[in-house]
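A quick write-up on the structure given underneath.
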Amino acid sequence: MNGDAGNDELIGEEGNDTLQGTNNGTGEQDYLVGGTGNDRFILADTTKTFYDDGNSTLPGDNDYATIADFNTTDDIIQLRGSSGDYLLSVSGSNTKLYINKPGSEPDELIAVINNQTALSLTASYFSYVSSPTLPSITLAVSPASVTEDGTTNLVYTFTRSGVTTNPLTVNYTLGGTATLNTDYTRTGTTNTVTFAAGSSTATVTVNPTADATVESNETVILNLAAGTGYTIGTPNAATGTINNDDFSQLSINDITVVEGKDNNAILTVTVDNPNPQPITFNYTTAPINATANVDYTSKTGTITIAANTSTATISIPILNDNLNESDEAFTVTLSNPVNATINPEGGIGEVIITDTWQSTLTRTLPNNVENLRLIGTNNINGTGNAGNNNITGNSGNNQINGGAGIDTLTGGLGADTFIFQFGQSTRSTSDRITDFAINSDKIDLLTQGGNAMNAPSSFSRAADSTTTTLDNLVNQVFTDANGATTGNQGLAVSSAALVQVTTGAIAGTYLVINDSTAGFQSSNDLLINITGFTGTLPALGNIPVGNFFI
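The opening residue of the sequence shown carries number 1 in the UniProt record's numbering; numbering runs sequentially from there.
Printed below as a string of structure tokens:
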């Protein structure tokens, strides 16, 4: 006889009866009468004990069965488990039957057995049914590791041994250093896996997420968790590894330094993909056509780049030899990286040591720098130092002043002004203009003290000369500065003359400019060699001053 949910009264008749007031018993009170005969009172089956409300704070006084006519000789009370799972308590003329709860949890009342006060849980009238043998679940992963950007996945296989008849859902937890939905995705949306009916295995697949981030290898750990209908076997956890396949790569730049201006060549080492681990590498210098410890200081060393940092610098001292010379070069080579690789096309930096400073702005050469090249199209100016300089203009209108020393001046495109200070381009230190554009470029004069002054008061072209020395040339011009007149017309004070030497070692075009003192002053009067010009030279005789001077 079986009862339903709610309070039932089951009364047996003559004969052997089986009475089960519920298949749960929560919140109900059933009344059971076996009658005569050998009767069985069912208080549990193989899966659970009835009348257990699951409330860990109350003793279950509101849900239990009353067995009204239990006979220890003829009847049986069916329970689950063993005698140690239960307790008996005599209450007046009756005995109460409890589930023996662990710890401080109140024991759970499941039955009141009327008119019995000397019952024993180990007596034969208590029958204990066993729980069914549950399948055991184990866990493994294959392969043990995969590459982050690869096509192979981590497959976690859950295996059940024992009964496989019915579907079964098993719980698991996720752990490890990898992050779900950032470093990987998985099959399923919850931490459960379901065995199909008749199947002994079920799987969870972990698919690594490709990225370009340099990181440590990461783990995905699945642990079996408790649930219903199974036990946890061994192994109960599986660890799969996602191997990082992104690496930091080192490159070093090329650099040009100006000798005398730059005391060090500072090269930048770039990490294309910063690393969460520190990176170390070695470097060493080697000459191309520069001379170690003459043009630069030979160096080797080790550099450490901090974690998650994208650059580092290497500083190589540049040595100034005060010589105006061709470009020289050496290399800086990277080697022995840790936590990085070296770019096969960018692991060697070339340092070019030049005597030429290139600038898009107005510049004055610092000491020990020989050459200046103006670049771009802006109207900017260049001034030399006391050395022998090469100064080159850009395509704008430049003002170019060589200063002291024997200088070579090139205006480039544009209408340029060449500035000369008395005493700085003399017979013994004459400067050169390589590209004077007649009627476009101009010459501006400064006093010996560097102050502005007027253009020459007169300008003429002297007769061509075949002399072989600059001394003779200057003397000839000071003697006769006008080749179109008969007799000698000496070079007057504050005057200038243009002269060509047609043969010999000093052949070329020259300007001779007298200061405000009569006669040739070797330490002050100007001698300028125009080694190249465009346009037509004026004829012998007087020349408009404004054609050449401002």
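All residues carry an ideal CB built from backbone N, CA and C; glycine is no exception.
DSSP places ASN324 outside both helix and strand once states are collapsed to three, so it counts as coil.
The alpha-carbon of GLY411 is positioned some 18 Å away from that of LEU527. Contact fails between the stretch 368 to 384 and the stretch 299 to 311, because fewer than three Cβ pairs, one in each stretch, are under 8 Å apart.
PHE158 sits close to VAL193, with the two beta carbons spaced by under 7 Å.
Between PHE422 and ASN529, the gap from beta carbon to beta carbon reaches 7 Å or more. ASN475: member of the alpha helix (DSSP H) spanning 470 to 479, first to last residue. The C-beta of ALA5 has fewer than 16 other C-beta atoms within 10 Å across all chains shown, which makes the residue exposed.
By the Cβ-count criterion, ILE318 is buried, with 16 or more other Cβ atoms from all chains shown falling within 10 Å of its own Cβ. For ASP74 against GLY21, the beta-carbon gap comes to about 19 Å, at or over 8 Å, which does not count as contact.
Between LEU470 and GLY349, the gap from beta carbon to beta carbon reaches 7 Å or more.
Per DSSP, the beta bridge partners of LYS96 are SER89 and VAL112. Residue environment for ASP407: buried (at least 16 other C-beta atoms within 10 angstroms of its C-beta). Judged by DSSP in its simplified three-state form, GLY541 adopts strand. Taking a cut-off of 8 Å for Cβ pairs, the stretch 88 to 105 and the stretch 185 to 201 do not touch, as fewer than three such pairs fall below it. Scanning its chain for C-beta atoms nearer than 6 Å, with the 5 sequence neighbours on each side dropped, one finds around ILE42 the residues GLN20 and GLN78, in chain order. With at least 16 other beta carbons inside 10 angstroms of its own, ASP355 counts as buried.
Counted as a single uninterrupted DSSP element, the beta strand (DSSP E) harbouring SER495 occupies residues 495 to 501. For the pair ASN236 and ALA202, the Cα-to-Cα distance works out to about 14 Å.
Setting aside the 5 residues that flank it on each side, ILE352 is surrounded in the same chain by THR256, ASP327 and ALA329, each with a C-beta closer than 6 Å to its C-beta; the list follows chain order.
Rounded to the nearest whole angstrom, the CA to CA distance from ASN275 to ASN217 is 13 Å. ASP69 and GLY27 have their C-alpha atoms roughly 23 Å apart.
Following the DSSP letters along the chain, one finds PRO276 in no beta strand (DSSP E), marked with neither H nor E.
Shown here for GLN489: same chain residues with a beta carbon closer than 7 Å to its own, the five before and five after excluded, namely ASP480, ALA481 and ASN482 in chain order.
Within the DSSP secondary-structure output, ASN381 pairs in a beta bridge with GLN399. Note: GLN20 is bridge-paired with ASN2 in the DSSP secondary-structure output. For LEU79, the enclosing beta strand (DSSP E) starts and ends at 76 to 80.
Of the candidates THR138, VAL170, THR179 and ALA178, the residue whose Cα lies closest to the Cα of SER161 is THR138.
Three or more Cβ pairs closer than 8 Å define a contact, and the stretch 445 to 465 meets that threshold against the stretch 489 to 501. In its chain, beyond the 5 residues on either side, PRO59, GLY60, ASP61, TYR64, LYS96 and TYR98 have a beta carbon closer than 7 Å to the beta carbon of LEU109.
Here PRO132 is exposed, its C-beta having fewer than 16 other C-beta atoms within 10 Å.
Taking 8 Å as the upper bound for CB-CB distance, LEU168 and GLY229 are in contact here, some 6 Å apart.
When the alpha-carbon of ALA386 is set against those of THR182, ASN253, TYR172 and ASN371, the nearest one is in ASN371. Between the alpha carbons of ALA123 and THR231 lies a distance of about 31 Å. Note on geometry: alpha-carbon atoms of LYS299 and ILE316 lie some 7 Å from one another.
The beta carbon of ASN166 sits closer than 6 Å to those of ALA197, all from its chain and outside the five residues before and after it, given in chain order.
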